[in-house]
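Residue numbers (the numbering used here), protein chains in the order written: chain A, 1 to 312; chain B, 1 to 312.
All remarks here apply to the structure that follows.
What follows is the structure, given as structure tokens:
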């Protein structure tokens, strides 16, 4: 059994490779819900949907988010009404949000709704929200107000300096059913190449998750989302800098040192391998940029081999 | 100034004629919100939308509801997810519901949101929800449970016997801003040819509305939705029968006798004119079936002439 801690696009890409290396039924992805938001009355779970769509082969690889072959009739019409369209929701994507919102209103917990959606679109791996309780990532801007994650990420295109980050509701949330069991029963726990601050951060803030990783630290492998000093996508590098961490694989190793025994870094960062090791984190150098599913498959094998001992 | 009490399709058709006979800015439609519902987390106001779309010339005249040139991508996708699709919401129509739900969540009252939507699509008449407070039409089935209006109307296609009807929240609701003023300042109040039980019934249950009509009863003209013993559309005739009223223009006259001084009935019901008059309701016989906007224009003139005295 493999359990992955997952954010959005980077995690989805790695998971797409992982389910080709091991049977999908043996893979559990525990997904960040700190980015979740309510818009137009609809409950939107960006990371859950990104992972779902990608594993179902429905995602738009070129645009990098949402569904392939998507249409935009609702948003275009909403725009003419003068509605809020800064967060673009495609017509097919909206069906997911309508489904989820209705089922939550029916009283079904998010984990149950996620099971229903993934089953309907044919995802073989198990997807778990980190919690059925709401946890909301909030960012305080430098010298400014505190805003929601989506206002930061989509509304302001993460082009503003951040002073601090917190995960509202994390302290008192309960891990979704299956989360702690999945971690406890896993041969390998993978920390996907997601934003350490705002994607993996909320997951580690869920009571019991970090503690579980610490207990099985030698079987926890993280993949650095920072390559050659920059995030492949999104603001991870800038956020790390703004929050006082070095935007490099060494900074990532420092953030994960307590919970992960191994860090996989890209070949372009090979010269930093000794610095990572000096933090007490075993360092594996491999190609980590996933341009296609074959890259993802190779990286997945590297991650699994790291724990099975095939990589020294 | 003209104020119309309006339900859905029949009202929308008459109003389309009315705004060709008098300047749209002089027309206020107070619209039933007892049919409103929440689906998928979205606030849906079927009568407000039917009147809005029709006055904007955007309605689908052939299907009889929703928007012309509508597409169904969201519903088709929701269907594949196993979601609730018994209440069909087109893609363009959904934009209205997203807009409304977001604005209500922002704290805007329904009357304000209605003003915004009608302005955006170019409706010249003023549309007012009967109240900014929720009023919900509930029907108790014969020997069975109490259900919502939409479950009755759409879910069960009104093919079930009804024992009683109530308007939840009506007693304690406040008329929307402008409703009582519009009635008080009107030269003519028109009760549109809508279902007397479930469309006009909720409007008359709003505190102050029936009282206002009673005070200016000689200037209140109703158009019978029953023609030749049957409703042109929907279950008005069956509902009247089930609730103990004769499904005829005489039954309609009896239901409205207290609030309306005049009833316009169709030529096919001319033989019942004396029976209507015997109830103390002035009776005008005219063509009332609106096949096109010209029919609606003629009927509107008849209604206005009834009060201006040009029809004896």
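Yeah, the Cβ is synthetic: ideal placement off N, Cα and C, and Gly gets one too.
If you're wondering where the values come from, they're calculated on a predicted model, not measured in any experiment.
{"query": "Nearest-angstrom Cβ-Cβ length linking residue 43 of chain A and residue 100 of chain A, presumed shorter than 8 angstroms", "result": "5 angstroms"}
{"query": "CA-to-CA distance, residue 186 of chain A to residue 301 of chain A, given in whole angstroms", "result": "16 angstroms"}
{"query": "4 or more residues per run - each alpha helix (DSSP H) lying fully within the region 110-136 of chain A", "result": "110-121"}
{"query": "Three or more C-beta pairs below 8 angstroms linking the region 176-192 of chain B and the region 212-220 of chain B", "result": "yes"}
{"query": "Contact set for residue 312 of chain B: own chain, Cβ-Cβ below 8 angstroms, skip 5 residues either direction", "result": "The predicted model places residue 312 of chain B with a pLDDT of 48, which falls under 50 and marks its position as unreliable, so this point remains unresolved."}
{"query": "Backbone secondary structure at residue 312 of chain B - three-state DSSP", "result": "In this prediction, residue 312 of chain B scores a pLDDT of 48, lower than 50, which makes its location untrustworthy; the coordinate-derived value is nonetheless stated afterwards. DSSP places residue 312 of chain B in coil when its eight states are reduced to three."}
{"query": "Cβ neighbours of residue 62 of chain B in the same chain (closer than 7 angstroms, five flanking residues each side left out)", "result": "none"}
{"query": "Residue 51 of chain B: contacting residues in chain A (beta-carbon distance under 8 angstroms)", "result": "Going along chain A, no residue has its Cβ under 8 angstroms from residue 51 of chain B, so there is no contact; the nearest lies around 16 angstroms."}
{"query": "Assumed close pair residue 202 of chain B, residue 170 of chain B - CB separation to whole angstroms, cut-off 8 angstroms", "result": "6 angstroms"}
{"query": "Selected residue, minimal CA-CA separation from residue 298 of chain B, among B:266, B:49 and B:281", "result": "B:266"}
{"query": "Three-state secondary structure assigned by DSSP to residue 262 of chain A", "result": "strand"}
{"query": "7 angstroms CB neighbourhood of residue 275 of chain B in its chain, flanking five on each side removed", "result": "250"}
{"query": "Residue 24 of chain B in three-state terms, based on DSSP", "result": "helix"}
{"query": "When B:51, B:220 and B:258 are compared against residue 115 of chain B, the one with the closest alpha-carbon", "result": "B:51"}
{"query": "Partner residues on chain B for residue 308 of chain A, Cβ-Cβ distance less than 8 angstroms", "result": "Correct list: empty, because the minimum Cβ distance to chain B is about 38 angstroms."}
{"query": "Whole runs of the beta strand (DSSP E) within the region 124-193 of chain A, excluding any shorter than 3 residues", "result": "126-129, 136-141, 146-148, 162-168 and 188-191"}
{"query": "Closest Cα partner of residue 254 of chain B within the set B:285, B:196 and B:231", "result": "B:196"}
{"query": "Within the region 38-119 of chain B, ranges of the beta strand (DSSP E) (whole runs, at least 3 residues)", "result": "42-44"}
{"query": "Proximity winner among A:282, A:242 and A:270, relative to residue 261 of chain A (alpha-carbon distances)", "result": "A:282"}
{"query": "Test: residue 78 of chain B CB closer than 8 angstroms to a CB of chain A", "result": "yes"}
{"query": "Rounded distance between the beta-carbons of residue 243 of chain B and residue 95 of chain A, thought under 8 angstroms", "result": "39 angstroms between Cβ atoms; not a contact."}
{"query": "Check whether residue 6 of chain A and residue 47 of chain A have beta carbons under 8 angstroms apart", "result": "yes"}
{"query": "Bounding residues of the beta strand (DSSP E) (the contiguous stretch that carries residue 5 of chain A)", "result": "2-6"}
{"query": "Local conformation of residue 206 of chain A per DSSP, three classes", "result": "coil"}
{"query": "Expected contact under 8 angstroms - CB spacing of residue 143 of chain A and residue 25 of chain A to nearest Å", "result": "So it is not a contact: roughly 50 angstroms between Cβ atoms."}
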